[in-house]
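Here the numbering used here is used: the first residue of the sequence shown is 6, the next is one more, and so on. Cβ coordinates follow ideal geometry from the N, Cα and C atoms, glycine included. Working notes, beginning with the structure itself.
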Amino acid sequence: RIDSTAGRYYAVDGMCFPSVTTILSCYPVSEGFKMWLANQGGFAAAEKIKTDAGDRGSHVHHAIEELLSGDKLTHENFTTEEWKMLMSFVAWHREYKPQMIWKERTVYSKKHGYAGTADFCAKIDGEVYLLDWKTSKAIWPSHLLQVQAYAVALQEMKEPVQKLAVVRLGTKHKAGYEYKTFDIDAEEFQVFLACKRLWEHEHP
């Protein structure tokens, strides 16, 4: 994985592919997000909030990986918000009892020219799921496109999945999380490819 100011890339067999999340930075933002951006006291303040949210998400993702490996965590190493998200992950895990197949894996499509890091693959109720953890304020349309792209990459890698899901952690729901499942959808993947064409146009 290569992180740069121009986005995230992956080196795959001598080729360099943009990440799925870098490509999806071209997905249109909602009017609500534009209003939020305007109310944050300027571009610099809004960028700091986005950076802090990204750091929090990375910290929580790493902690989930440790939990799935059987490690123990202590509250002192996390903020209250991060700990709430981890507790909601534990609640989701106890409710759905996923049988882990793998976690945190690089997936790629040589055919379409992209790559990314998928969070979790597990068997739930007899079906193979590809899941993505989110610490965002909502489950956005781009999140669905993200897991669709990962599913297509896995199919190309001869490791197909049957269902897709996004688990948003630390929410105000009674369970503490939001859990949405999706079918693999060829039309949604075409929307992702449209984003990729736009991204390539902007980054020749």
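On the three-state DSSP scale, how would you describe residue i?
i	result
glycine 121	strand
phenylalanine 94	helix
glutamate 193	helix
glycine 62	helix
proline 165	coil
tryptophan 107	strand
threonine 79	coil
tyrosine 155	helix
arginine 13	strand
tryptophan 138	strand
serine 24	strand
threonine 84	coil
tyrosine 32	coil
lysine 89	helix
arginine 99	helix
alanine 180	coil
According to DSSP, residue i sits in a beta bridge with which residue or residues?
i	result
tryptophan 204	Per DSSP, none; premise fails for tryptophan 204.
isoleucine 144	DSSP, once it has assigned bridges, lists no residue as partnering isoleucine 144.
Whole angstroms is fine: what's the gap from residue i's alpha carbon to residue j's?
i	j	result
arginine 110	aspartate 137	12 Å
arginine 13	lysine 201	14 Å
aspartate 76	tryptophan 145	31 Å
tyrosine 113	methionine 162	8 Å
threonine 140	proline 33	20 Å
threonine 79	methionine 40	37 Å
asparagine 82	aspartate 18	38 Å
serine 30	lysine 89	28 Å
- Message: With three or more beta-carbon pairs closer than 8 Å as the criterion, would you say the stretch 148–156 touches the stretch 119–127?
- Response: Verdict: yes, contact present.
- Task: For the stretch 164–180 and the stretch 81–97, state whether three or more C-beta atom pairs, one from each stretch, are separated by less than 8 Å.
- Result: Result yes; three or more Cβ-Cβ pairs closer than 8 Å.
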